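Colleague: One structure follows; several queries about it will come next.
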Amino acid sequence: MKTMKILCPAMLIWVSLALADDISLTVYNDNFGLVKQTRQIEFKKGVGEVRFDDVAALIDPTSVHISPRNGGISILEQNYQFDLVNTQRMMQKYLGAEISLVTKGGDVHRGKLLSFDEQFAILQAESGEITITNTAEIVDYRFGELPEGFVLKPTLVWLAESDGDTKAECEVSYLTDGINWHAEYVAVVDKDDRNLSLSGWVSIDNKSGATYDNAMLQLVAGKVHRVTRRPIYPPY
10 MKTMKILCPA
20 MLIWVSLALA
30 DDISLTVYND
40 NFGLVKQTRQ
50 IEFKKGVGEV
60 RFDDVAALID
70 PTSVHISPRN
80 GGISILEQNY
90 QFDLVNTQRM
100 MQKYLGAEIS
110 LVTKGGDVHR
120 GKLLSFDEQF
130 AILQAESGEI
140 TITNTAEIVD
150 YRFGELPEGF
160 VLKPTLVWLA
170 ESDGDTKAEC
180 EVSYLTDGIN
190 WHAEYVAVVD
200 KDDRNLSLSG
210 WVSIDNKSGA
220 TYDNAMLQLV
230 AGKVHRVTRR
240 PIYPPY
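Residues 10 to 245 (our numbering) make up the sequence shown, in order.
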């Protein structure tokens, strides 16, 4: 951290990481934070998709808000894609589809994936032959292509309508869980017990699944009341 100013230890601490105007982060000591990011986004004339990646993995999708600063742009639909690529999800997506397995002995088995778990992979060849291979013997899995719907990182996707081809500055804000902070203070009293020197450090525990480089950071203490939806009970 470059600078730190303690305004009131019990209420608010303001920390300046950098004089950046493209991203700001407000962290509450209740394990969540508010992210505001400004980015240039390209819009094509007519209706089309706009993608915004590098968002937190623990984002609250219901809190997302986008505000284009140019006129002539309307947001029609909003989606959050979080089906990230990993081995288990790839195998689940390819159930019923063709893959290839390479064993330690160099044998290649190709066929329709019928089942997969931690011990065995079951394939059915074009001839109808069933092959059960111990996963401990498999050194390579080969897939035709990345299944539809997979993303490499959490991504916000908007369906937007634009009056023309344009690059617009947009502010995107959202809440995310998994980020917290705490402060430690050290007080040193002189030998006459007349003067006190107070220093403090702030630690940020970021498990939100994103980094916030060169962000303007604000830390807020105290219990925050977050409105939650009340359960709806059926009438009797």
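Beta carbons are placed, not taken as given, at the ideal position from N, Cα and C, and that holds for glycine.
Given the structure is predicted, the values throughout are model-derived calculations rather than measurements.
Does the beta-carbon of V56, which I'm using as the reference point, lie nearer than 7 angstroms to any heavy atom of the ligand ATP?
Modeller: Absence of the ligand ATP from the depicted structure is noted, as is the absence of any ligand whatsoever, leaving it without description.
Colleague: Roughly how many whole angstroms lie between the Cα atoms of D30 and A130?
Modeller: Caution is warranted here: a pLDDT of 48 is assigned to D30, below 50, making its placement in the model unreliable, and the coordinate value is therefore given only provisionally. Roughly 51 angstroms separates the two Cα atoms.
Colleague: Skipping 5 residues on each side, what residues in its chain have a beta carbon closer than 6 angstroms to that of P77?
Modeller: Counting only Cβ-Cβ distances below 6 angstroms, and skipping sequence neighbours, we find A177, C179.
Colleague: Mapping the DSSP letters down to three states, classify K102 as helix, strand or coil.
Modeller: Note: K102 maps to helix in three-state DSSP.
Colleague: Return the CA-CA distance between L123 and F152, expressed in angstroms with no decimal places.
Modeller: Their Cα atoms are separated by approximately 14 angstroms.
Colleague: Flag this pair as touching only if the region 142-150 and the region 43-62 have three or more C-beta atom pairs under 8 angstroms; answer yes or no.
Modeller: No: the two stretches stay apart, fewer than three of their Cβ pairs being nearer than 8 angstroms.
Colleague: Take the Cβ of S212 as the centre, count every other Cβ of all protein chains shown within 10 Å, and call the residue buried at 16 or more, exposed below.
Modeller: So S212 ends up on the exposed side.
Colleague: Contact check, G173 vs G80 under 8 angstroms by CB: the rounded distance?
Modeller: Not really, about 11 angstroms apart at Cβ, beyond 8 angstroms.
Colleague: For R235, count neighbouring C-beta atoms within 10 Å of its own C-beta (all shown protein chains included) and say buried if the count is 16 or more, exposed if not.
Modeller: R235 comes out exposed.
Colleague: Going by DSSP, what residue range makes up the beta strand (DSSP E) through S212?
Modeller: S212 -> beta strand (DSSP E) spans 205-215.
Colleague: Identify every residue that forms a DSSP beta bridge with H234.
Modeller: DSSP, once it has assigned bridges, lists no residue as partnering H234.
Colleague: By Cβ distance below 6 angstroms, which residues in the same chain neighbour I108 in space, the five residues on each side in sequence not counted?
Modeller: Excluding sequence neighbours, I108 sits near L122, F152.
Colleague: Which term fits L67, buried or exposed, when burial requires 16 or more other beta carbons within 10 angstroms of its beta carbon?
Modeller: So L67 counts as buried.
Colleague: From T71 to Q227, what does the alpha carbon distance come to, in whole angstroms?
Modeller: If I take the Cα positions, the gap works out to 22 angstroms.
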